[in-house]
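Structure record follows, encoded as structure tokens.
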Amino acid sequence: VVKELERCSDYSLRITDVKPPDRSPHETMTVDVSDLDQVRRAAEGCDVIVNCAVLRPHRQVAWDVNTMGTYNAMRVAVDMGHERLINTGPHFTITGEPYDTYDFGIVEEVPAHAGTNLYALSKSAGQEICQIFTEQYPIHVLCMLFLSFRSTNPEDPGFGGQRHGLNPFSVTFPDAARAIRCSLEADVGKLPSRNEVFFVTADLPHGKYSNDKAQRLLGWRPQDSLEIFYRRSLQP
């Protein structure tokens, strides 16, 4: 995301984490997203918060980061009069195991069913908090959902996919970053509601998840087809 926004001259970035990068041309700050005061200090002077915070396995910290962290980001964004907040999460924030197992052509408007996975439940609770805030305050939330990230290089040992095949909800890192930029630049006045969820996935032959909404409302188009991955996985 940082690299994508660096390509545009319109953004000044403040990068926050519990362990910020050692070297960055941008302003960095050590922030625990579960601490409201730290989030408030980090957001001072900013126009928009992009919440990419995530913690998966720990039974307490997952709720602190994925749920309370989202609440803190929303609370601060509302208090500071932000027009929008960009939230992120896994696809099963909305479509948990029952959907993943049986259905095809899944869209964002299906009834939310996160299942019993800790990561999914804690992120789903955070998204419900976003929904409640948008019902009470004049702020828009654009929630970008991902699952499997792939490198544009099929030989990449970590994210190439050569050994693992291709998940039906996959996108390259550059395409994912472009989706975040589109969410920052979209005309929120043209969105159907103040709380909108978007599936960020490439155009894939599985047909399980649709990215039509992100294309239609955000103007995002996946530029990497990932064809090399699923064709290669069928070769002996």
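Residue 1 is where the sequence shown starts when you use the UniProt record's numbering, and the numbers rise one by one after that. Glycine included, C-beta positions come from ideal geometry on N, C-alpha and C. In this text, all values refer to a predicted model and were calculated from it rather than measured experimentally.
According to the DSSP secondary-structure assignment, His26 is paired through a beta bridge with no residue. Rounded to whole angstroms, the gap between the alpha carbons of Cys46 and Gly115 is 35 Å. Inter-residue distance for Ala125 and Lys190 is about 26 Å (C-alpha atoms, whole angstroms). The shortest CA-to-CA distance from Arg216 to any of Ala186, Ser225, Lys208 is the one to Ala186. For Tyr230, the secondary structure class from DSSP, reduced to helix, strand or coil, is helix.
The C-beta distance from Asn167 to Leu147 rounds to 6 Å, short enough to fall under 8 Å. When DSSP states are grouped into helix, strand and coil, Asn87 belongs to the strand group. Its chain contains Val1, Glu4 as the residues whose beta carbon lies nearer than 6 Å to that of Ala177, once the 5 sequence neighbours on both sides are disregarded; these appear in chain order. One thing to note: Arg7 has its Cβ no nearer than 8 Å to the Cβ of Glu27. DSSP places Thr16 in the uninterrupted beta strand (DSSP E) bounded by 14–17. Rounded to whole angstroms, the separation of the alpha carbons of Met74 and Glu97 is 28 Å. Note on Phe104: under 16 other CB atoms within 10 angstroms of its CB, so exposed under the neighbour-count rule. The continuous stretches of beta strand (DSSP E) do not include Met80, and DSSP gives it neither H nor E. Given a length threshold of 4 residues, each whole run of the alpha helix (DSSP H) inside the UniProt domain "NAD-dependent epimerase/dehydratase" (27–144) is given here in chain order: 36–43, 69–79, 97–102, 118–136.
Taking Lys123 as the centre and dropping the five residues before and after it, the same chain places the C-beta of Asn66, Gly89, Pro90, Thr93 closer than 7 Å to its C-beta, in chain order. In the DSSP annotation of this structure, Glu155 is not part of any alpha helix (DSSP H), being labelled neither H nor E. Short of 6 Å from the beta carbon of Tyr119, and not among the five residues preceding or following it, lie these beta carbons of its own chain, in chain order: Arg56.
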